[in-house]
Structure formats: C-alpha cells, structure tokens
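Taking it in order: structure first as structure tokens, then the write-up.
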Amino acid sequence: MIPYGKQCISQDDIDAVIEVLKSDFLTQGPQVPKFESAISTYCNSKYAIAVNSATSGLHVACLALDLGEDDLLWTSPITFVASANCGLYCGAKVDFVDIDPGTYNISLVALEKKLELAKAQGKLPKVLVVVHMAGQSADMVAISILAKKFNFRVVEDASHAIGGMYRGTHIGSCLYSDITVFSFHPVKIITTAEGGVVTTNSAGLAKKMNLLRSHGVTRDANQIISASHGPWYYQQIMLGFNYRMTEIQAALGISQLNRLDEFVRRRHELAERYDELLKNLPVTLPVQIAETYSSFHLYIIRLNLSAETTNRVKVFEGLREMGIGVNVHYIPVHLQPFYSNMGFELGDFPEAELYYNETISLPLYFEMTDEQQDQVVNSLGKLLTK
Ligand SMILES: *Cc1c(COP(=O)(O)O)cnc(C)c1O
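Just so you know, we're using my numbering here: the sequence shown kicks off at 565 and counts up by one.
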C-alpha cells in the first residue's frame, strides 16, 4: 500500500535519539530548550514552547488567552477535531465559519459577515483558531485587520504548515496572530513521534504557556509570589498540566528540523508533478495563492461529481483496492455526533459540506518516488475514465 503520508527517519535522527537515551536526562534536560530555540530561530518568533502534542498546544494557547466560560471560540469546520475541542476544554462555546471553496481555508467573506451579525447580537468570539489547510497560509493580513476591528485574538493552527511561508516569512512568526501551534505527529511535515510547539512574540503569553505545560509550577525567583523557603523551593501559581515534551522527542525534532526545507521542496516537486499528470482528469487541483508558499502537507483533489463515471465512495474504494492509501481530510467537525448533539446540523456550512462530498487526499510524502506517483495517477485515471 502506498500510504497517504509517512515520516522519513534518517540515521542522523536515530543517532540523535540514541545519544539522549545514553545521557543523564530523558526529560527536562538540555534538548527541549535547544529545540525551542531552533524553532523560534527558524520561524523568527520571539518565543517557542515545546509541548507533547498540538492538541495540548491549542489547549494552553486558549487558556493563555483567558478563554473561559461565557466565551466563544470560532474555527473552520474543515479541520481535525482538535482545533475546535480546545475551546470546549476551556468551557467556552464553539462555533464555525464556512470555508473558501478555492483554498479550503476559512472564508474571509463568511467571517466578516458572521462577525457583523455577532456584533449586532453581542456575541463576538474571543478567539479565532485559523487553520492553514494542507499547509497553505490563510489570508492573515485580512484576518488581523478583522481581529483589531472586532477585538478577538488569533491562534494559528499550523499543524499542517511548518516550513510554509506567508508574504515572505515563515509561518509561526506570529506577525499577524497571537500564537501559532505546530504538530509533529508522524504524518505531518517533520516529526517527534508525538509532539508540538507553540510560538508567540508576547512575553506574557510565553510565560503563561510555559507554566501551563508543567503543572503551573515555577522555581523562578521572579515569579514566586512569597519568600522562598530554601533552595528546594518551588511554587504552584496556577493550575497547569503535564504537557511536557521529552528529551527523546526534542532530539528527534532538532535533527528533523535540519531537513525541513528539503522535505518541503520535494513535496512541491511532487505536487507540481501531480498538477501536470492530473490536468486532463475531471478533478479540481489545489489552488495556490501567490502570497503563500505551502508546506504541502496534503495534496487534495476534488472530484467533479457531475462527470458520469464519478462516485466518491467507488473511487475511494477502487484506489484502496489498487493499493493506493488515499484519505479524506476532513469530515466537517460540525457533523461529528459530539457536535451535532450541541445543535449543529447538515446545511449549516454548505461550502464545507460540498467540499467534503468531493474531496480525496492523494498520497504525498518526502520519500514517495516518481514511479509510485505514476501508479497513483494511473489508478485514478482508470477509475475516472472507465
Ligand atoms: C494533526 C492536527 C492536530 C492535532 O495534532 P496532534 O499533535 O496530533 O495533537 C490539530 N489540528 C490539525 C489541523 C491537525 O492536522
């Protein structure tokens, strides 16, 4: 089976992990700060804080922004459930904004319209989680203008997007947002097995997220609230969690980061090749916006369902039978039973639902060969031109 995504682990990656296993620290040692500083240098953010997953990162980001009961979080329905769940973890209510039918990112038109309506009703969101779908940045300048106008905070869910760029800077610079969250799950661009990083330029948010990932406990003399009892002293000054990344994961992350640009370059090469090879089939290819450079986490096509031979389930099953590990990203979050129990229903976000009916993610990963790609294209061609 040709998988839809797959990590690439080199001998250097393995050596880096083994070094840690032979060292004194498996957690809370030198590798995590080293990884954090490598990420903040790469992204040109002031701060980077490593956590044990992007889901944890989204949670501490929302808490740092004081999202709580009586607050609202908005995000896109076309994302992994974690982009919305983080709002619920904080006791907030979650709502969605429909997608742009071209980029599959949040629709700026729908967002502005919904904000105007929410303002009139006194129900503006406190936090907007912006998903960079497939690794292509959303229009962050426009979003940051709306954030100022309607007074909400912006978290970039860049789980797909490390190595991608927007207007000449790496995603994660937080030039147009409060916080960016990355995921290093093995299907993403680089991996730490499980893991994530949050970036920010705010000293206050960094300090809070730092505490939140480790029990709300500090030994820092500047943060301790009353007199120290002695050299052993630590203090819990807020309710935090154990969301720490291990030294093993951080060492793997540092080593993977060395090849990030190479990973993304090859993904672009494969994406351009797909564009060329698929151009005569009844499918819509991914649209690339000039001011963005995608990390190409996913290569998403939409089937032209008006073509007589096309039935998404049949195409999907056919590809799987031919050994092509296709996938679907994503089932709209508002249609998940857990969310429909809150009152969301079919018809709420029509562009997202239409997209869902037509979408298939084709295999795309660093080590995919041209021959494997040809096999994907030929199999799809057979199914669509029968
Ligand atoms: C993968 C993913 C997450 C969750 O990442 P984890 O590191 O597995 O917690 C969140 N949001 C999006 C958009 C993702 O693709």
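From the three backbone atoms N, C-alpha and C, an ideal C-beta is built for every residue, glycine too.
By the C-beta criterion, the segment 738 to 745 is judged to be in contact with the segment 762 to 779, since at least 3 inter-stretch pairs fall below 8 Å. When DSSP states are grouped into helix, strand and coil, I582 belongs to the helix group. If you draw a straight line from the Cα of V596 to the Cα of N616, it is about 11 Å long.
The residue among F902, H861, A614, T756 with its C-alpha nearest the C-alpha of N891 is H861.
Counting along the chain, the unbroken alpha helix (DSSP H) around A602 starts and ends at 595 to 607. Under DSSP, E720 forms a beta bridge with V694, T744. Collapsing the DSSP output to three states places G817 in a helix. Under the 10 Å beta carbon count, M906 is surrounded by fewer than 16 other beta carbons and is classified as exposed.
Taking C-beta separations shorter than 7 Å and ignoring five residues to either side along the sequence, the partners of Y894 in its chain run I642, T643, F644, following chain order. By the Cβ criterion, the segment 605 to 624 is in contact with the segment 727 to 739, since at least three pairs of Cβ atoms, one from each stretch, lie closer than 8 Å. For E836, the number of other beta carbons within 10 angstroms of its own is below 16, and it is reported as exposed. For ligand 1, the residues with a Cβ under 6 Å from any of its heavy atoms are, in chain order, S617, A618, T619, T643, F644, A646, S647, V695, D721, S723, H724, S747, H749, G760. For H734, the secondary structure class from DSSP, reduced to helix, strand or coil, is strand. At a Cβ-Cβ threshold of 8 Å, L710 and L681 do not count as neighbours. Under the DSSP definition of a beta bridge, L867 partners with V847.
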